[in-house]
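These notes are about the structure you will find just below.
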Amino acid sequence: MSAAGSIEARPLTAKRSGALAGRVRVPGDKSTSHRALILGLLSIGETTIEGLLESDDVLRTAQACRQLGASVERLAEGNWSVRGAGIGGLVEPEAVLDFGNAGTGTRLMMGVVGGHPISATFDGDASLRKRPMRRILDPLARMGAQVVAEAEGGRCPITLAGARHAAPIVYQTPVASAQIKSAVLLAGLNAPGLTTVIETEASRDHTERMLRHFGAQVSVAPHGEAGRRVTLTGQPELRPAPVIVPGDPSSAAFPIVAASIVEGSDVVVEGVMLNPLRTGFLTTLREMGARIEAMQPRQEGGEEIADLHVRAGELRGIDVPAARAPSMIDEYPVIAVAAAFARGETRLRGLSELRVKESDRLAAVAAGLAACGVTHAIEGDDLIIEGGKGEVRGGGEVKTHLDHRIAMSFLVMGLASRRPVGVDDTAMIATSFPSFIEMMRGLGADMV
Ligand code: S3P
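Structure below.
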């Protein structure tokens, strides 16, 4: 896959399957994996990472870390070593930083470059080239970075000249976005004094947790009813710290929904991270009546994890409040699939951010539902789905628009719908969950 290029499409069809059964382990968390590599780059000495997600998105970030001066090595499956260049010690990359499909890697690394006196060009595939970057470039400009070149509308390819002397700022994010928050904090690492990010709704806090783990001073205070005020003390000396990456809840959502809708299923998903800013989908599924039990809760890598035991059962439609969106932002496509099988109506509120993900996910989900005979409507930023009481016609050919989560969600739908569901491309699944098809087949999923 080259910048803005595409690889050959790999279509796949999922068919109604017998009960899914078994124990599986999902790969490491994507958000944590990107951050572990980046903080490794920004520390001096060796950072070891266990359970790194070896997906295309994360490998792009590893490569970008090398281009910025780190030595990054794979020691064994999931085990990586990063010898960093340290804050202030980055080198200017000679070649374009090609992030492929990865919005998180791009935006976090823009923060890193934005705080350093170096220039870098960021680019990626056709999906990444459509994603809005002004939300990152605006606060970075306030810290002293300059956009040297950009495609129309503040899109990639973007050449960013980082600040000569980064200035600390107080920044209120316009939307709840961990990517914006993280970019500002990462730029703030090379600024003197305090950099503060205020969010009116809390977004995932992996950057804050990991910065502390590497020895930075980060204080977090409540802001309003649901928000946070995060303050970082700049120019710390980050100490390399071993990172254990827990299982990705966003990936776990696929086998969990599959086991909930395929009759008779009984599945355990092991080692899933249960950070409360990531588990809105579990709250939602439980409100829908899903039978999910957390077993052996324990701590790993500074996060609570557990094995999730899921059994198929009847689901009912519910009203999901907009305030829950930041904690389940990547799970709406697969929750929409669960809602299609529920009894009654589900209303998913406040989905405006879905329009700027790897695809316009609101449109892509609606089109997929339409192709599979599911009655639904979009009202403003809400998606309303009329459940089929356990029955969905299926039979659609779903367009995935270079979006891994659209592909996985509709394959899950096909496992329980009357007629098979095809997706036009599964290649993108490798950006977050390379073992998805094999793992689902291992549970008994019929995918051909
Ligand atoms: C991520 C944050 C979310 C999420 C993305 C990963 C992160 O994006 O959708 O998949 O690791 O910070 P936003 O912060 O833009 O909502």
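Take the sequence shown: its position 3, counted from the start at 1, is 336 in our numbering, and no numbers get skipped.
Built from N, CA and C at the ideal position, the CB exists for glycine as well.
Tell me the rounded alpha-carbon separation between residue i and residue j.
i                 : j              : result
glycine 487       : leucine 735    : 20 Å
serine 388        : glutamate 410  : 12 Å
arginine 631      : isoleucine 491 : 42 Å
glycine 444       : glutamine 568  : 14 Å
glycine 775       : arginine 416   : 37 Å
leucine 473       : glycine 447    : 6 Å
glutamate 724     : glutamate 730  : 18 Å
arginine 752      : glycine 436    : 34 Å
leucine 571       : leucine 519    : 12 Å
threonine 566     : aspartate 538  : 17 Å
arginine 542      : proline 450    : 26 Å
alanine 352       : arginine 619   : 20 Å
aspartate 362     : isoleucine 739 : 18 Å
alanine 675       : lysine 722     : 5 Å
arginine 694      : arginine 611   : 18 Å
lysine 732        : alanine 699    : 11 Å
alanine 336       : alanine 749    : Bear in mind that a pLDDT of 41 at alanine 336, under 50, signals an unreliable position, so the number given afterwards is only what the model happens to contain. If you take the alpha carbons of alanine 336 and alanine 749, they lie about 37 Å apart.
glutamate 341     : alanine 673    : 31 Å
arginine 440      : valine 530     : 16 Å
glycine 338       : leucine 716    : Any answer about glycine 338 is weak, because its pLDDT of 46 lies below 50 and its placement is not dependable; what the coordinates show is given next. Taking the straight line from one Cα to the other gives about 32 Å.
serine 515        : valine 508     : 13 Å
proline 360       : glutamate 379  : 23 Å
proline 582       : valine 605     : 6 Å
leucine 401       : leucine 544    : 19 Å
serine 404        : leucine 648    : 49 Å
phenylalanine 432 : valine 745     : 28 Å
arginine 368      : leucine 392    : 12 Å
proline 588       : aspartate 640  : 13 Å
glutamate 603     : valine 357     : 6 Å
glycine 438       : aspartate 390  : 7 Å
isoleucine 668    : glycine 421    : 43 Å
May I ask you to report which of helix, strand or coil DSSP gives residue i?
i                 : result
arginine 644      : strand
valine 517        : helix
threonine 540     : helix
histidine 734     : coil
serine 404        : strand
valine 667        : helix
serine 335        : With a pLDDT of 38 at serine 335, under the threshold of 50, the modelled position of that residue is not reliable, and the figure given next carries that caveat. The answer is coil: DSSP assigns serine 335 none of H, G, I, E or B.
aspartate 471     : helix
threonine 674     : The question names threonine, yet the displayed sequence has phenylalanine at residue 674. Residue state, collapsed to three classes: helix.
arginine 464      : coil
leucine 527       : strand
glycine 727       : strand
glutamate 686     : helix
glutamate 719     : strand
histidine 498     : coil
glutamine 632     : strand
serine 583        : helix
proline 659       : helix
lysine 348        : strand
serine 750        : coil
valine 745        : helix
phenylalanine 455 : strand
What span of residues does the beta strand (DSSP E) with residue i cover, start to end?
i              : result
cysteine 398   : No beta strand (DSSP E) holds cysteine 398; the alpha helix (DSSP H) holding it covers 389 to 400.
serine 692     : Taken as a continuous stretch (DSSP letters only), serine 692 belongs to no beta strand (DSSP E), as it is neither H nor E.
glycine 755    : 754 to 756
methionine 772 : First-last for methionine 772: 769 to 775, but that is the alpha helix (DSSP H), not the beta strand (DSSP E).
histidine 709  : 709 to 712
leucine 766    : Note that residue 766 is phenylalanine in the sequence shown, not leucine. Premise fails: phenylalanine 766 is in no beta strand (DSSP E) and is neither H nor E.
alanine 418    : 412 to 418
threonine 381  : 377 to 383
alanine 554    : 551 to 556
Between which two residues does the alpha helix (DSSP H) holding residue i run?
i              : result
methionine 442 : 436 to 447
valine 600     : That residue, valine 600, is in no alpha helix (DSSP H); its beta strand (DSSP E) goes 599 to 606.
arginine 358   : Looking at the DSSP string, arginine 358 is not in any alpha helix (DSSP H); the run it does join, the beta strand (DSSP E), is 354 to 358.
threonine 533  : Premise fails: threonine 533 is in no alpha helix (DSSP H) and is neither H nor E.
Quick one: is residue i buried, meaning 16 or more other Cβ sit within 10 Å of its Cβ, or exposed?
i              : result
glutamine 505  : exposed
aspartate 652  : exposed
histidine 737  : buried
glutamate 664  : buried
serine 685     : exposed
isoleucine 711 : exposed
glycine 457    : buried
histidine 709  : buried
serine 552     : exposed
glycine 634    : buried
leucine 408    : exposed
arginine 561   : buried
glutamine 512  : buried
asparagine 608 : buried
proline 654    : exposed
8 Å is my cut-off, CB to CB: does residue i come that close to chain C?
i             : result
glutamate 387 : No chain C appears in the structure shown, which is made up of a single protein chain.
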